[in-house]
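For reference, the structure discussed in these notes is given below.
Okay, here's the thing in structure tokens:
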């Protein structure tokens with residue numbers, strides 16, 4: 335069985351300096367397109383989707399390329 339690996343963007347790529355300045359313990363973008371993991375962009379507190387969820391749906395802002403979980 336092969337496992338696909340994906341990289342997580344570092345917190346320096348955050349769009350909101352206010353979020354980075356607040357030094358959160360965790361920050362989940364919820365932008366995964368596949369899998370069951372919700373990657374923590376700030377630290378090492380990855381989460382896991384454990385219910386029916388649709389990944390890769392359009393985000394909250396029209397025209398933005400960010401994706402969301404629904």
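Numbering (the working numbering), first residue to last: 335 to 404.
All C-beta atoms in this analysis are idealised placements derived from N, C-alpha and C, irrespective of residue type, glycine included.
Residue i (DSSP reduced to helix, strand or coil)
i	result
residue 396	coil
Endpoints, the beta strand (DSSP E) within which residue i is located
i	result
residue 357	Run containing residue 357: none; DSSP gives neither H nor E here.
Cross-strand partners of residue i (DSSP beta bridge)
i	result
residue 391	402
residue 381	372
Burial state of residue i, where buried means 16 or more other Cβ atoms lie within 10 Å
i	result
residue 373	buried
residue 404	exposed
residue 375	buried
residue 363	buried
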